[in-house]
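Residue numbers (full-length UniProt numbering): 1 to 412. Working notes, beginning with the structure itself.
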Ligand SMILES: Cc1ncc(COP(=O)(O)O)c(C=O)c1O
């Protein structure tokens with residue numbers, strides 16, 4: 001093998017303004033490059049406890065079981081769904097984009113009886129629509145997506161916890177894309193389980209997924225307790241409900257790894273944990289509400305700039321996530337060519353979309369470390385230049401003027 005062909009990693013400079021991943025905060029990168037320690041070193045278990053405490057702050061919860069699931073965001077989703085859903089359980093999924101379909105797909109693999117309601121992409125559900133479906137289906141769990149990145153819409157969750165409580169339904173949300181950039185009140189909104197991702201508003205690198213579980217959710221999982229042979233002792237009693245059909249994603253064993261028993265389950269992804277810890281520190285130092293306000297400020301500045309450029313946006317703006325905007329690709333413009341030129345000539349990445357929106361909508365993110373004025377202005381200026389170069393004429397400078405006007409009202 002000619003090793004000269006495999007140079008040291010030296011990625012090109014990019015400004016990541018898509019729907020995630022985004023550029024990680026340099027403080028997170030520094031934390032991730034720290035030397036490893038053993039998984040039961042008191043320093044490591046102390047870091048694990050600190051991560052639990054810090055993420056309770058970000059999730060706005062008192063839940064003891066607030067921890068990380070190693071793997072990308074969908075590892076957090078799968079761990080919760082596999083641990084909560086028994087084969088044959090009924091679940092209800094309100095689908096308003098690709099990630100609602102992902103919840104259905106994972107629930108099906110848990111052998112759930114999956115029921116869906118749907119609205120057109122670009123819209124969200126009213127609490128009444130969800131309550132009516134709960135009355136009809138009588139599910140054991142309601143599985144929601146808070147921010148569906150594929151459509152850029154944010155499903156309001158505030159009223160759903162009360163509805164779930166009324167009908168004895170467990171309430172889960174996938175907050176991968178919305179977490180820390182939009183309000184999420186785990187306890188006040190009555191959520192039983194939430195999972196998130198690092199590579200969006202948290203400003204980190206994908207590879208571990210913060211989750212939180214309510215005491216009710218813990219009780220459901222504990223009933224399915226089953227400790228693997230080789231580590232179980234006489235003191236370990238199996239639960240009286242059906243076992244969880246995954247070892248890696250068995251939240252019972254994962255809780256015992258993060259808890260005082262320190263059960264030897266997996267080997268915690270140390271560098272990912274260091275990064276996740278720094279992300280939470282950054283967010284709580286800024287203040288969660290201040291960070292959400294920052295996402296709104298820069299998200300709105302991008303929106304104004306895009307509108308100033310004369311482009312149409314996608315979806316019902318009343319329900320747009322603070323941190324990502326859908327932009328309708330103008331007729332006659334080759335969306336992929338624009339993205340290629342943005343990347344090659346400006347080093348800026350913006351996203352395309354999935355399924356019915358592929359080739360019709362770009363998605364531009366302003367999140368985490370990149371929810372900043374300079375990132376917004378650079379992206380608008382590059383997009384305007386590329387569009388004009390390709391023959392789609394805009395009023396030159398109008399986008400930047402609109403964004404500047406917006407900043408003049410609340411500069412950061
Ligand atoms: C809402 C939502 N859920 C789940 C995922 C899957 O995340 P990951 O790719 O980190 O597994 C994404 C990724 O973009 C997402 O936006």
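For glycine and all other residues, C-beta sits at the position ideal for the given N, C-alpha and C.
Cβ-heavy atom distance, residue i to ligand 1, below 6 angstroms
i           : result
residue 363 : no
residue 177 : yes
residue 99  : yes
residue 366 : no
residue 174 : yes
residue 299 : no
residue 149 : yes
residue 206 : yes
residue 74  : yes
residue 305 : no
residue 197 : yes
Spatially closest choice to residue i from the options, by CA coordinates
i           : options               : result
residue 163 : 153, 141, 178 and 148 : 141
residue 161 : 143, 244 and 191      : 191
residue 23  : 104, 385, 96 and 201  : 201
residue 138 : 307, 93, 102 and 333  : 93
residue 245 : 262, 113, 11 and 85   : 85
residue 280 : 34, 87, 6 and 54      : 54
residue 211 : 72, 241, 111 and 296  : 72
residue 203 : 11, 385 and 31        : 31
residue 242 : 336, 88 and 25        : 88
residue 130 : 171, 153 and 315      : 171
residue 39  : 90, 265 and 231       : 265
residue 294 : 193, 8 and 407        : 407
residue 424 : 69, 360, 382 and 287  : The requested residue 424 is not part of the displayed model; the chain covers only 1 to 412.
residue 271 : 334, 207 and 258      : 207
residue 239 : 193, 387 and 83       : 83
residue 48  : 186, 235, 194 and 276 : 276
residue 114 : 95, 90 and 98         : 90
residue 286 : 153, 17 and 58        : 58
residue 269 : 112, 135, 205 and 80  : 205
residue 236 : 75, 67 and 261        : 261
residue 118 : 379, 144 and 185      : 144
residue 278 : 33, 7 and 5           : 33
Residues that DSSP places opposite residue i in a beta bridge
i           : result
residue 94  : 117
residue 58  : DSSP output for residue 58 lists no bridge partner at all.
residue 167 : In DSSP, residue 167 forms no bridge with anything.
residue 363 : 326 and 351
residue 172 : 143 and 193
residue 493 : Residue 493 lies beyond the residue range present for the chain, which begins at 1 and ends at 412; the question has no answer from this structure.
residue 131 : None, per the DSSP bridge assignment.
residue 148 : 153
residue 179 : 182
residue 123 : 121
residue 15  : 348
residue 313 : 327
residue 320 : 153
Say whether the stretch 30-46 touches the stretch 61-71, bearing in mind that this needs 3 or more beta-carbon pairs closer than 8 angstroms, one atom from each stretch.
Output reads no: the stretch 61-71 does not touch the stretch 30-46.
Do three or more CB pairs link the stretch 115-126 to the stretch 312-320 at distances below 8 angstroms?
Segments in contact, yes.
Is there contact here, the stretch 365-385 with the stretch 281-301, by at least three beta-carbon pairs under 8 angstroms?
As far as the Cβ criterion goes, the stretch 365-385 touches the stretch 281-301, which means the pair count is three or higher.
Three or more C-beta pairs closer than 8 angstroms, one from the stretch 209-226 and one from the stretch 238-258: is that the case here?
Flag = yes, the stretch 209-226 and the stretch 238-258 touch.
Three-pair Cβ contact test at 8 angstroms for the stretch 148-159 versus the stretch 175-188:
Contact between the stretch 148-159 and the stretch 175-188 is present, with at least three C-beta pairs closer than 8 angstroms.
Inspect the CB distances between the stretch 306-314 and the stretch 387-406 and report whether three or more fall short of 8 angstroms.
Because the criterion of three Cβ pairs below 8 angstroms is met, the stretch 306-314 and the stretch 387-406 touch.
How about the stretch 361-369 and the stretch 321-336: do they share at least three Cβ pairs that are nearer than 8 angstroms?
In this structure the stretch 361-369 lies against the stretch 321-336, because at least three pairs of beta carbons, one per stretch, are closer than 8 angstroms.
Three or more C-beta pairs below 8 angstroms linking the stretch 336-344 and the stretch 380-391:
Yes: at least three Cβ pairs fall under 8 angstroms.
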